[in-house]
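What follows is a set of notes on a single structure, which appears directly below.
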Amino acid sequence: MTVYTEFEDVAYSPCGIPFVHGKEISSFDKLFLATKQQYQEQGIDVHYTTTVDSIDTRNHTITVRGEGKVRYDTLVIGTGWSYADTGVDRRGLRGIYEVKNIRRAMEWDKYLDTVKEAVVVECGPIALEMVSALQHRGIKTTVVDPGPWPMAGVVDPDIIEPLYRDWESSGVTTLWGERVTAFGGNGTLSHVDTTAGRIPAQLAIIGTRKVSNNSLARAAGIDLGSTGGIVIDSHMRTSARDVFAAGDCTEIPHGVTNVPLQGLSGSHAYAQGKAAGVNAGGGDREYQPVYVPWAMLAGEWMIGGISFGETSAAAIGIDFVSGIAKGITRARSPSGVKPITVKLLADPVTHLLIGAQMVGGEGVKERADFLGVAIRAGITIDDLATMENVYSPAIGALDEPISVAAQEVMKKF
């Protein structure tokens with residue numbers, strides 16, 4: 001088994017980088033899953049800082065820069081993602097940061113010590129986490145986003161509201177419905193021009209959406225889908241014989257709509273990689289359509305959900321009935337009671353659960369995992385409205401917010 005990567009490292013958590021920048025995680029070393037020596041001991045031959053120039057699917061070869069043609073029996077493509085182009089010339093300026101590569105992050109962490117003012121250019125998930133990191137570093141931060149609120153394509157406004165209310169009260173400037181038009185400075189970034197005016201800044205965080213890195217696959221004639229991701233079947237096979245693909249370079253069907261999705265979470269990429277590896281090695285593992293349970297920590301709040309929120313469901317024309325409940329995650333505890341809001345969406349005819357969104361002080365991840373299984377299993381809102389739940393004052397409230405939200409949905413049928 002041979003791995004080719006253009007990077008200095010493999011298998012680490014880029015999602016953890018903002019938390020090292022914010023000092024919640026003490027070291028970048030804690031983000032690595034294993035050491036290079038451990039990969040060698042497992043029989044994995046990793047070629048670091050190596051470029052693959054082309055794939056020849058007919059002759060089962062790849063062309064590796066400096067090594068020539070290398071034959072494969074089976075090939076797994078995991079070329080990942082990049083940030084979408086902002087369309088703004090960076091002019092070679094130092095101070096424009098795309099949070100992704102861990103070695104670059106180590107260098108940027110030192111640069112952050114010199115920064116007093118920063119601009120976040122569009123507020124995707126990692127950029128949203130970086131806002132909290134910049135606050136923890138004492139850096140004055142301005143968010144510039146063409147959307148009406150953070151992560152507007154994913155999160156409903158009432159769910160995200162507590163987060164950006166906290167941002168504004170702590171001094172973060174938010175410019176919704178505005179765009180960056182130019183980066184300025186002499187060698188190093190000194191200001192960012194926007195449709196709302198000029199902002200002094202020594203740092204710009206790029207937070208645009210993910211796009212698939214698929215130039216190799218495209219040049220090899222491998223089929224790409226409507227999202228730009230590689231089209232794969234349930235066994236991660238591409239349109240080319242003996243070629244598999246996994247992660248952000250692929251597109252995966254949504255379990256409710258069958259609409260292809262691209263740019264999911266690290267847990268999805270990890271599971272897809274395992275499926276692709278098993279099948280490339282001659283095994284048989286199927287990867288199911290996704291319902292996308294997700295959660296993230298942003299400042300003092302956890303936000304998350306599954307499948308659709310009201311905004312995204314309405315955008316693609318899905319009929320739904322929704323209900324919302326505000327509750328607490330525990331009744332009494334030495335560490336304090338934490339609030340949580342749960343919103344559920346159901347099909348008005350079948351009563352099947354089709355989506356959920358949550359925001360709270362704790363417990364969002366666990367509820368997203370549970371609801372992800374529930375939607376995959378075909379659980380109805382009626383089932384959730386009468387669900388059993390744990391009650392213990394220190395760890396759980398008497399009224400489970402999921403059940404209460406489901407009862408609110410049922411009132412609208």
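Letter 314 of the sequence shown, counting from 1, is numbered 314 in full-length UniProt numbering, and no numbers are missing. Cβ coordinates follow ideal geometry from the N, Cα and C atoms, glycine included. Note that the structure is a prediction, hence the values are computed from the model and not measured.
Residue j and residue i - do their beta-carbons sit closer together than 8 Å?
{"i": "Gln357", "j": "Gly305", "result": "yes"}
{"i": "Ile139", "j": "Lys343", "result": "no"}
{"i": "His351", "j": "Thr380", "result": "yes"}
{"i": "Pro157", "j": "Gly177", "result": "no"}
{"i": "Met130", "j": "Pro18", "result": "yes"}
{"i": "Glu6", "j": "Thr50", "result": "yes"}
{"i": "Leu384", "j": "Ala406", "result": "yes"}
{"i": "Thr257", "j": "Ile316", "result": "yes"}
{"i": "Phe244", "j": "Thr74", "result": "yes"}
{"i": "Arg94", "j": "Gly187", "result": "yes"}
{"i": "Thr61", "j": "Val70", "result": "yes"}
{"i": "Pro348", "j": "Phe308", "result": "no"}
{"i": "Leu203", "j": "Ala84", "result": "no"}
{"i": "Ala374", "j": "Arg332", "result": "no"}
{"i": "Ala313", "j": "Glu408", "result": "no"}
{"i": "Arg104", "j": "Pro146", "result": "no"}
Could you have a look at residue i and say whether DSSP puts it in helix, strand or coil?
{"i": "Val64", "result": "strand"}
{"i": "Gly273", "result": "helix"}
{"i": "Asp193", "result": "strand"}
{"i": "Ser54", "result": "strand"}
{"i": "Met106", "result": "helix"}
{"i": "residue 442", "result": "A query on residue 442 cannot be resolved here, the shown segment of the chain reaching from 1 to 413 and no further."}
{"i": "residue 418", "result": "Since the first residue of the chain shown is 1 and the last is 413, residue 418 is not available in this structure."}
{"i": "Thr311", "result": "helix"}
{"i": "Leu31", "result": "helix"}
{"i": "Ala84", "result": "coil"}
{"i": "Leu261", "result": "strand"}
{"i": "Ser267", "result": "helix"}
{"i": "Gly327", "result": "strand"}
{"i": "Tyr72", "result": "coil"}
Tell me the residue span of the beta strand (DSSP E) that contains residue i.
{"i": "Glu251", "result": "250–253"}
{"i": "Phe19", "result": "No beta strand (DSSP E) contains Phe19, which is instead part of the alpha helix (DSSP H) from 17–21."}
{"i": "Gln357", "result": "353–360"}
{"i": "Leu175", "result": "173–176"}
{"i": "Phe183", "result": "180–185"}
{"i": "His47", "result": "45–47"}
{"i": "Pro393", "result": "No beta strand (DSSP E) holds Pro393; DSSP gives it neither H nor E."}
{"i": "Pro14", "result": "Careful: Pro14 lies outside any beta strand (DSSP E) and carries neither H nor E."}
{"i": "Gly305", "result": "301–307"}
{"i": "Tyr4", "result": "2–4"}
{"i": "Ile340", "result": "339–346"}
{"i": "Lys210", "result": "210–212"}
{"i": "Glu117", "result": "117–121"}
{"i": "Val141", "result": "Note that residue 141 is Thr in the sequence shown here, rather than Val. Run containing Thr141: 140–145, per the beta strand (DSSP E) assignment."}
Can you tell me the Cβ-Cβ gap for residue i and residue j, rounded? I've got them flagged as a contact below 8 Å.
{"i": "Gly360", "j": "Met296", "result": "The Cβ separation is near 12 Å, so there is no contact."}
{"i": "Leu345", "j": "Leu371", "result": "Not confirmed; about 11 Å, so no contact."}
{"i": "Ile206", "j": "Thr86", "result": "7 Å"}
{"i": "Val211", "j": "Trp81", "result": "6 Å"}
{"i": "Ile340", "j": "Gly363", "result": "6 Å"}
{"i": "Val143", "j": "Cys123", "result": "5 Å"}
{"i": "Ile102", "j": "Leu31", "result": "6 Å"}
{"i": "Gly282", "j": "Pro401", "result": "The Cβ separation is near 46 Å, so there is no contact."}
Over what stretch of residues does the alpha helix (DSSP H) that includes residue i continue unbroken?
{"i": "Lys365", "result": "364–376"}
{"i": "Leu134", "result": "125–136"}
{"i": "Gln37", "result": "36–41"}
{"i": "Leu75", "result": "It is not in any alpha helix (DSSP H) - Leu75 instead sits in the beta strand (DSSP E) that spans 75–77."}
{"i": "Trp167", "result": "157–169"}
{"i": "Pro401", "result": "401–410"}
{"i": "Ser26", "result": "Looking at the DSSP string, Ser26 is not in any alpha helix (DSSP H), and its letter there is neither H nor E."}
{"i": "Asp383", "result": "381–385"}
{"i": "Ser215", "result": "215–219"}
Go through its chain and collect everything with a Cβ distance to residue i's Cβ below 7 Å, but skip five positions before and after it.
{"i": "Val390", "result": "Gly396"}
{"i": "Thr79", "result": "Asn213, Asn214, Leu216, Cys249"}
{"i": "Pro125", "result": "Met151, Met296"}
{"i": "Tyr270", "result": "none"}
{"i": "His191", "result": "Gly184, Gly185, Arg198, Ile199, Pro200, Ala201"}
{"i": "Val155", "result": "Ile303, Gly309, Gln357"}
{"i": "residue 415", "result": "Given that the chain is displayed from residue 1 to residue 413, the structure contains no residue 415 and the question cannot be resolved."}
{"i": "Ala280", "result": "Thr74, Val76, Phe244"}
Got a sec? Which residues, its chain only, sit under 8 Å from residue i by beta carbon, not counting five neighbours each side?
{"i": "Lys411", "result": "Gly323"}
{"i": "Leu261", "result": "Thr227, Glu251, Ile252, Pro253, His254, Val290, Val292"}
{"i": "Asp109", "result": "Val20, His21, Phe28"}
{"i": "Met106", "result": "Phe28"}
Enumerate in chain order the residues of its own chain whose CB-to-CB distance from residue i is below 6 Å, with the five nearest sequence positions on each side excluded.
{"i": "Ala220", "result": "Ile55, Thr57"}
{"i": "Leu33", "result": "Ala11"}
{"i": "Ala127", "result": "Val120, Ile205, Gly207"}
{"i": "Ala275", "result": "Met236, Arg285, Tyr287"}
{"i": "Asp382", "result": "His351"}
{"i": "Ser265", "result": "Trp294"}
Beta carbon of residue i: closer than 7 Å to some heavy atom of the ligand HEM?
{"i": "Ser170", "result": "This structure lacks the ligand HEM; in fact it carries no ligand of any kind."}
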